[in-house]
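Asker: The sequence shown begins at -19 in the working numbering and counts up one residue at a time.
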Amino acid sequence: MANSEVLLLEAVQGLGGEGDTVSVKAGYARNFLFPQKLAIPLSQGNRKQIEALRAAKEKRVLEEFEASKSLAEKIAQVSLTVAVKTGENGKMFGSVTSAEILSLLNEKGYGIEKKHLNIAQPIKELGTHRIEVRLSAEIVAEFNLEIVSENPITESTSDGDHSEGAAVATSDGAVSSEDT
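#1: Report all residues from its chain with a CB closer than 6 Å to the CB of Ala63; omit the five preceding and five following residues, and keep chain order.
#2: Quick check on the burial criterion: 16 or more other C-beta atoms within 10 angstroms. Buried or exposed for Thr66?
#3: Please specify which runs of the alpha helix (DSSP H), each continuous and at least 4 residues long, are wholly inside the segment 50 to 100, giving them in chain order.
#4: Can you tell me whether Leu13 is buried or exposed, with buried defined as 16 or more other CB within 10 angstroms of its CB?
#5: Given that a residue counts as buried once 16 or more other Cβ atoms are within 10 Å of its Cβ, and exposed if not, what is Phe123?
#6: For the beta strand (DSSP E) that Arg110 lies in, which residues bound it at each end?
#7: With a Cβ-Cβ cutoff of 8 Å, do Leu97 and Ser78 count as a contact?
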């Protein structure tokens, strides 16, 4: 079986990344890689193109590294607060997932993808949590995420009524004084 040396123009799963020189079956190169413009044949004639591709890749990798580094510094300064519904004893209903955190970050203008967030499991407790954002293998940023109750926990008397003159929070967040 004849093998062909090709230069990958894009990352191909199972073969390699952009700019890599790989040896593949001639039919695979001819019938898939070349028509899809994923690779070019490795020959003396296209050496200049190969060098240009490698230089462009190195430049792009450096730019992505600098952009990730800058984004990591911005993320480290972030502190987000999420208001969640809780029961009378302060126990959360549901949890805060990576999708919710991702949407909060993207609303603030950080172009982060789900694969960058490093959350083992959804957050189910009130309080401050450190969230890790892995922008690349070398660049990791952390920020604080504070989970607070939408409805503040109020002390209630034994019969379940609010004490006289107690402040009561409504569902829209307004606090009113209740005199009975």
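The beta carbon of each residue, even a glycine, is placed where N, CA and C say it ideally should be.
Answerer: According to the data block:
#1: Val128, Glu130
#2: buried
#3: 78 to 87
#4: buried
#5: buried
#6: 107 to 114
#7: yes
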